[in-house]
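Data block below; observations after.
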Amino acid sequence: MKIAIINEVSACAKNPDIIAALKGKECEIFNVGMTSPDEKSVLTYIHTGFISALLLNTKRVDFVVGGCGTGQGYLNSVMQYPDVFCGLICEPLDGWLFTQINGGNCISLPLNKGYGWAGGQNLKFIFKKLFEPEHACGYPAHRKESQAESRQYLSKLSKDFHISFDKIVEKMDDEFFAHIFRHPNLLKLLDVNTLENENMKSILIDRLNILNIKY
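Residue numbering for the sequence shown follows the working numbering, beginning at 265 and increasing consecutively.
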């Protein structure tokens, strides 16, 4: 599994805790957002929501770990985009149930509110339970079929009522686009020239060239 960690400015000091909590997991980690409060390129949860959706929609990662001070802002930001299914995860039981019932591809962590003493340990327990059960296996067992139907219908709604992600990229204003794509590490992971979606690749290359952003 390829996992992106995408922190915004208010909670980026917790980035090392997230990295440490994921240590030993059978996954490939990409640290794409902010890693320190001292960085010059500042990302808010508005920026990290889009970056998360971009990486999921281009299939560069399978799962995103995001969040913000309360977890609510990032949750609302990332859920504006198609094919993103995010849960607010505050404790290990949330993670365990989210994987089994919702089978999502993104989580939002509250990284300031209620973080407190041993917050890093709580993250370790969250990730242990998050990746422990079979993905989308259903809970309790007798609700398995109903929950699967709900996930499928939610996926259909996401596609039916959002414009396509390449259209979103095309419509984005220059200032927002440039700020995101000048942030370190994103373009390296995105690797625009090898994108399978030819229309997305063409739109991104055109915009990057116009804004004189090297890729």
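Virtual Cβ for every residue (Gly too), placed ideally from N, Cα, C.
Measuring CA to CA, which of the options is closest to residue i?
i	options	result
T308	I427, I293 and C276	C276
M298	K289, G313, E290 and G288	G313
S316	H426, G330, E303 and K304	G330
S390	M343, R407 and S372	Inspection of the sequence shows that residue 390 is occupied by Ile rather than by Ser. Comparing Cα positions, the closest option is S372.
K323	R471, I474, K304 and M464	M464
Q385	A285, R407 and I467	A285
V433	S274, E292, N321 and C291	N321
Q344	I427, I477 and E462	I427
A412	E290, T363 and E462	T363
Could you pull out every residue in the same chain whose Cβ sits closer than 6 Å to the Cβ of residue i, ignoring the five residues on either side in sequence?
i	result
E272	L307, T308, Y309, T312 and C332
Evaluate residue i with the Cβ neighbour count: other Cβ atoms within 10 Å of its Cβ, from every protein chain shown; 16 or more gives buried, anything less gives exposed.
i	result
P448	exposed
S410	exposed
T458	exposed
F425	exposed
G288	exposed
S274	buried
Taking the Cβ atom as the reference point for each residue, do residue i and residue j lie within a distance shorter than 8 Å?
i	j	result
P301	G335	no
L451	F445	yes
F429	P356	no
V328	L339	no
G359	L394	yes
F294	V342	no
V296	I267	no
A442	L475	yes
L361	Y403	yes
For residue i, which residues of its own chain have a beta-carbon under 8 Å away from its beta-carbon, when the five flanking residues on both sides are left out?
i	result
V456	K465, L468, I469, L472 and Y479
E292	M265, K266 and I267
K423	P346 and D347
Is any heavy atom of the ligand FAD found at a distance shorter than 7 Å from the C-beta of residue i?
i	result
V433	Absent from the structure shown: the ligand FAD. Ligands present: none.
CB-CB under 7 Å to residue i, same chain, minus the five flanking residues each way: which ones, in chain order?
i	result
C248	Nothing can be reported for residue 248, as the shown portion of the chain is limited to 265 through 479.
Exercise. Is there contact here, the segment 430-446 with the segment 411-420, by at least three beta-carbon pairs under 8 Å?
Worked result: no
Exercise. Okay, do the segment 272-292 and the segment 368-381 touch, 3+ Cβ pairs below 8 Å being the bar?
Worked result: yes
For this session: Flag this pair as touching only if the segment 388-407 and the segment 358-376 have three or more C-beta atom pairs under 8 Å; answer yes or no.
Result: yes
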